[in-house]
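Chemist: Quick one: structure below, then a few questions.
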Amino acid sequence: LLRTEFLEQRGKLNRRNGVIQNILIFFGGSDPGNETAKALKAVKKLNWPGLKAKVILGSSNPLIDQISGEIAPDPGIECLVQVDNMAELISEADLSLGAVGSVTWERCALGLPSIVSITAQNQVELAESLAEKNYIYFIGYATETTSTSYSEAIKRLSQDKNLYLSMVEKGLDLVDAKGAIRPARTIREVHDRRSKN
Numbered sequence: 433l434l435r436t437e438f439l440e441q442r443g444k445l446n447r448r449n450g451v452i453q454n455i456l457i458f459f460g461g462s463d464p465g466n467e468t469a470k471a472l473k474a475v476k477k478l479n480w481p482g483l484k485a486k487v488i489l490g491s492s493n494p495l496i497d498q499i500s501g502e503i504a505p506d507p508g509i510e511c512l513v514q515v516d517n518m519a520e521l522i523s524e525a526d527l528s529l530g531a532v533g534s535v536t537w538e539r540c541a542l543g544l545p546s547i548v549s550i551t552a553q554n555q556v557e558l559a560e561s562l563a564e565k566n567y568i569y570f571i572g573y574a575t576e577t578t579s580t581s582y583s584e585a586i587k588r589l590s591q592d593k594n595l596y597l598s599m600v601e602k603g604l605d606l607v608d609a610k611g612a613i614r615p616a617r618t619i620r621e622v623h624d625r626r627s628k629n
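The end of the sequence shown is residue 629 by our numbering, with every number in the run present.
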């Protein structure tokens with residue numbers, strides 16, 4: 433059940449064209465394995481002209497100061513902590529590097545292709561089922577990924593426009609961002625019926 437901001441943002445979404453210039457990096461609130469560091473290294477390794485990245489960290493991430501310090505010298509990378517405008521950030525990005533979790537549905541609702549790794553055991557089934565149908569680009573368990581895993585995946589999606597654009601459309605078809613509206617409507621209808629009786 434997504435917040436209303438995702439439905440609102442979806443209504444003014446600009447369709448992506450397959451060009452990757454803005455990357456969103458977010459591995460959940462705490463990111464215990466520090467996948468953020470690998471993703472950052474991957475983006476820097478690409479060294480593409482004009483490539484920008486936004487790194488989102490949760491307030492419970494123990495490495496906020498360290499990661500912020502690493503980002504500070506790079507004008508093309510911005511670090512944000514505990515944001516409250518995730519829908520806006522997702523809609524501005526061309527690609528996401530992250531974990532599989534509730535943010536998966538947020539990315540799909542706004543048609544953002546994502547390269548993901550598994551950071552917790554409860555993500556396995558979701559990652560495998562979505563990857564099988566190309567809803568996400570799954571590169572494996574976080575314990576096995578490297579910065580090269582991420583950079584190679586970014587290159588692949590930048591070169592394969594059909595795959596990229598397919599992921600955009602599949603995500604939009606999978607999640608319409610109206611999930612909160614339907615149960616609310618049902619609850620209201622049940623309440624109204626009971627009130628009449």
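Don't be surprised by glycine CBs; every beta carbon is placed ideally from N, CA and C. Given the structure is predicted, the values throughout are model-derived calculations rather than measurements.
Just the C-alpha distance for N493 and G461, rounded to the nearest angstrom, thanks.
Modeler: Their Cα atoms are separated by approximately 6 Å.
Chemist: Looking at the secondary structure, which residues open and close the alpha helix (DSSP H) in which E576 lies?
Modeler: Element bounds for E576: n/a, residue is neither H nor E.
Chemist: Express the C-alpha separation of R435 and E584 in angstroms, rounding to a whole number.
Modeler: So the alpha carbons of these two residues sit roughly 33 Å apart.
Chemist: Mind checking who Y458 pairs with in its DSSP beta bridge?
Modeler: At residue 458 the sequence reads Phe, which differs from the Tyr that was named. I488 and G530, per the DSSP bridge assignment.
Chemist: Give the range of the alpha helix (DSSP H) segment to which V622 is assigned.
Modeler: That run of the alpha helix (DSSP H) goes I613 to K628.
Chemist: What do you get for G533, buried or exposed, if any count of 16 or more other CB atoms within 10 angstroms of its CB means buried?
Modeler: Label assigned to G533: buried.
Chemist: Return the residue from the list E467, K628 and V451 that minimises the CA-CA distance to N592.
Modeler: It is Asp, not Asn, that sits at residue 592 in the sequence shown. The shortest C-alpha separation from D592 is found at V451.
Chemist: With contact counted as at least three CB pairs below 8 Å, one residue from each stretch, are the stretch 493 to 506 and the stretch 522 to 537 in contact?
Modeler: Counting Cβ pairs under 8 Å, fewer than three are found: no touch.
Chemist: Indicate the three-state DSSP secondary structure (helix, strand or coil) for L512 in the structure shown.
Modeler: Three-state DSSP puts L512 in a strand.
Chemist: Is it the case that the Cβ atoms of S546 and I568 are separated by a distance below 8 Å?
Modeler: Yes.
Chemist: Under 8 Å by Cβ, that's how I've got Y582 and A471 pegged, so tell me the actual separation to the nearest angstrom.
Modeler: Y582 to A471, Cβ: 5 Å. Contact.
Chemist: Cα-Cα, which of Q555, K477, A541 and G611 is closest to E601?
Modeler: Cα-wise, what sits closest to E601 is A541.
Chemist: Between which two residues does the beta strand (DSSP E) carrying I547 extend?
Modeler: Taken as a continuous stretch (DSSP letters only), the beta strand (DSSP E) holding I547 covers S546 to I550.
Chemist: List the residues that DSSP assigns as beta-bridge partners of Y567.
Modeler: Answer by DSSP bridge pairing: none, since Y567 is not bridged.
Chemist: Are at least three pairs of beta-carbons, each pair with one atom in the stretch 433 to 449 and one in the stretch 511 to 519, less than 8 Å apart?
Modeler: Yes: the two stretches touch, three or more of their Cβ pairs being nearer than 8 Å.
Chemist: For T578, collect the residues of the same chain with a Cβ closer than 7 Å to its Cβ; drop the 5 residues on either side in sequence, then sort them by chain order.
Modeler: Excluding residues within five positions, the ones whose Cβ falls inside 7 Å are K470.
Chemist: Given A574, which residues of its chain have a CB within under 7 Å of its CB, disregarding the five upstream and five downstream residues?
Modeler: Counting only Cβ-Cβ distances below 7 Å, and skipping sequence neighbours, we find G465, E467, S549, I550 and T551.
Chemist: Excluding the five sequence neighbours on either side, which residues of its own chain have a C-beta within less than 7 Å of the C-beta of R442, listed in chain order?
Modeler: Same-chain partners within the cutoff: A541, L542 and A609.
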